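Residue numbers 4 to 292, in the numbering used here, belong to the letters of the sequence shown in order.
The structure appears below as structure tokens.
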Amino acid sequence: MTFFVNLSFRILAGLPLSWLHRLGGWAGWTIWRCSPSYRRRLEDNLAQATGRRDPALRDAAVAEAGRQALELPFVWLRPQDEVLARIVRVEGQELIARAQAEGASVLLLTAHLGCFEMCAQYCSTHGPITVLFRPPRKTALRPLMEAGRARGAIRVAPADVSGVRRLVKALRSGEMVGMLPDQAPAEGEGVWAPFFGRPAWTMTLAARLSEVKGVKVVMVWTERLPHGAGYVLRLSEPVEPIAGSLEERCAAINREIERLVLACPAQYLWGYNRYKRPSGVPPPPEATC
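So this is what it looks like as structure tokens:
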């Protein structure tokens, strides 16, 4: 299996980005048609966030999910300078330089939106960055993922106690840390917080790291342009302060993620089971009434 996955990724990595995005669109529709549970989750999550069922937006989201998957071989296996060359514009790049000039460390938060793998690749051009690494369900993908992410000035930290220590150490050293807080954590690693109007088991790690002395939070996401034309990377300051209690910080981070997603809802990974209740986690307060 590992040999087949490696071979497939290397073949795909040799294709032009425009071809990968075209194949990805077809793949997205294939998965949508073949999996009723995925289809239902994608449509329900999208409707939960937007307040309506929009067939055109749904169709775009189905295709973009496939493109998000098929561009991974390009991002992970092509030379890093070639990958970075596909970023045609960067907005807000001064935020990192300004924070570094002020002696701050930077906590970069993104979502499963657009080509999120590109965020750390770009930010590493500003200095060392440590990213949280959660092993994929398919073990055959792990070596590819680690190799694709841990290159240049990018370091990976596993999603365990040792990894958390690495993240804290990086921030205290004035470096950058990147993570995706819109994924459901395990028991003991989250709190219930609203996400698009519905309780979601939300990781506390991002909120805890935002409390480290001298940390500046920066939001980042990468938009995929049509027809393989490249990417636009956008950095911005949080609209509201990430402050208060742990629960308040988690809720504020969720609201910031919502703003990123609504800037380009077609490119969010709506098929992800964001509202699942991990084993051992009690139901949200609303569900116990």
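Don't be surprised by glycine CBs; every beta carbon is placed ideally from N, CA and C.
These numbers come from a predicted model, not from an experiment.
Proximity of residue i and residue j at Cβ, strictly below 7 Å
{"i": "residue 205", "j": "residue 122", "result": "no"}
{"i": "residue 245", "j": "residue 220", "result": "yes"}
{"i": "residue 174", "j": "residue 167", "result": "no"}
{"i": "residue 31", "j": "residue 270", "result": "no"}
{"i": "residue 50", "j": "residue 273", "result": "no"}
{"i": "residue 233", "j": "residue 89", "result": "yes"}
{"i": "residue 257", "j": "residue 187", "result": "no"}
{"i": "residue 133", "j": "residue 170", "result": "yes"}
{"i": "residue 78", "j": "residue 91", "result": "no"}
{"i": "residue 111", "j": "residue 215", "result": "no"}
{"i": "residue 190", "j": "residue 93", "result": "no"}
{"i": "residue 145", "j": "residue 210", "result": "no"}
{"i": "residue 74", "j": "residue 147", "result": "no"}
{"i": "residue 44", "j": "residue 35", "result": "no"}
{"i": "residue 33", "j": "residue 143", "result": "no"}
Exposure label - residue i; buried when at least 16 CB within 10 Å
{"i": "residue 67", "result": "buried"}
{"i": "residue 292", "result": "Note on residue 292: pLDDT 39, under 50, position unreliable in the model; no value is reported."}
{"i": "residue 115", "result": "buried"}
{"i": "residue 264", "result": "buried"}
{"i": "residue 47", "result": "exposed"}
{"i": "residue 277", "result": "buried"}
{"i": "residue 213", "result": "buried"}
{"i": "residue 119", "result": "buried"}
{"i": "residue 238", "result": "buried"}
{"i": "residue 243", "result": "exposed"}
{"i": "residue 185", "result": "buried"}
{"i": "residue 289", "result": "exposed"}
{"i": "residue 193", "result": "buried"}
{"i": "residue 7", "result": "exposed"}
{"i": "residue 126", "result": "buried"}
{"i": "residue 286", "result": "exposed"}
{"i": "residue 59", "result": "exposed"}
{"i": "residue 227", "result": "buried"}
For residue i, three-class secondary structure by DSSP
{"i": "residue 136", "result": "strand"}
{"i": "residue 212", "result": "helix"}
{"i": "residue 234", "result": "strand"}
{"i": "residue 22", "result": "helix"}
{"i": "residue 156", "result": "coil"}
{"i": "residue 266", "result": "helix"}
{"i": "residue 43", "result": "helix"}
{"i": "residue 199", "result": "coil"}
{"i": "residue 175", "result": "helix"}
{"i": "residue 183", "result": "coil"}
{"i": "residue 6", "result": "helix"}
{"i": "residue 224", "result": "strand"}
{"i": "residue 252", "result": "helix"}
{"i": "residue 73", "result": "helix"}
{"i": "residue 278", "result": "coil"}
{"i": "residue 151", "result": "helix"}
{"i": "residue 120", "result": "helix"}
{"i": "residue 292", "result": "In this prediction, residue 292 has a pLDDT of 39, which is less than 50 and means its spatial position is unreliable; nothing more can be read from the coordinates."}
{"i": "residue 239", "result": "strand"}
{"i": "residue 38", "result": "coil"}
{"i": "residue 272", "result": "coil"}
{"i": "residue 2", "result": "Residue 2 lies beyond the range of the chain shown here (4 to 292); nothing can be said about it."}
{"i": "residue 161", "result": "strand"}
{"i": "residue 28", "result": "helix"}
{"i": "residue 94", "result": "strand"}
{"i": "residue 218", "result": "strand"}
Neighbour flag for residue i against chain C, beta carbons, 7 Å
{"i": "residue 202", "result": "Judged by its chain identifiers, the structure shown contains no chain C, having just a single protein chain."}
Integer Cβ distance of residue i from residue j, believed to fall under 8 Å
{"i": "residue 236", "j": "residue 207", "result": "Not a contact, Cβ separation roughly 27 Å."}
{"i": "residue 80", "j": "residue 155", "result": "Actually they do not touch by this definition, with Cβ atoms about 14 Å apart."}
{"i": "residue 82", "j": "residue 15", "result": "Not really, about 16 Å apart at Cβ, beyond 8 Å."}
{"i": "residue 113", "j": "residue 183", "result": "6 Å"}
{"i": "residue 231", "j": "residue 20", "result": "4 Å"}
{"i": "residue 69", "j": "residue 28", "result": "6 Å"}
{"i": "residue 52", "j": "residue 268", "result": "7 Å"}
{"i": "residue 131", "j": "residue 158", "result": "7 Å"}
Under 8 Å: do the stretch 102 to 110 and the stretch 136 to 144 share three or more Cβ pairs, one atom per stretch? When Cβ pairs closer than 8 Å are counted between the two stretches, the stretch 102 to 110 is seen not to touch the stretch 136 to 144, the count staying below three.
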